[in-house]
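Worksheet for the structure shown next.
Residue numbers (the working numbering): 12 to 133.
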């Protein structure tokens, strides 16, 4: 073989080695790009899901706060109504409706109990 043919053979060999190497590198690059795109798409999808869940939870919290305010207002109204119905004036006005009679003070006898601090004798 001549020097020119040896040099030509080495150039061809190095060129085929470079082409094979480039193909391997380009495969790895393709896999890397596909993997990165996949993870980015999955990340965006998970972000949208989490954002949607937080928005729904915020809406539910706002709804429950509104219900709590309404229930507090109703509770206050009921407390006022109870205190009005328990008042003496209201009871006296409704004695006939409730079928109540006034107590007669003339025939009332009071019982006397010994004081609770005292000691019983044997």
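For every residue, glycine included, the Cβ atom is placed at its ideal position computed from N, Cα and C.
The region 69-130 is shown to contain whole alpha helix (DSSP H) runs of 4 or more residues at 99-104, in chain order. The beta carbon of residue 61 is closer than 7 angstroms to none in its chain, skipping five residues each way along the sequence.
Taking a C-beta distance under 9 angstroms as the contact criterion, residue 115 and residue 106 do not qualify as a contact pair.
Annotation for residue 75: no residue places its beta carbon closer than 7 angstroms to its own, counting only its chain and skipping 5 residues before and after.
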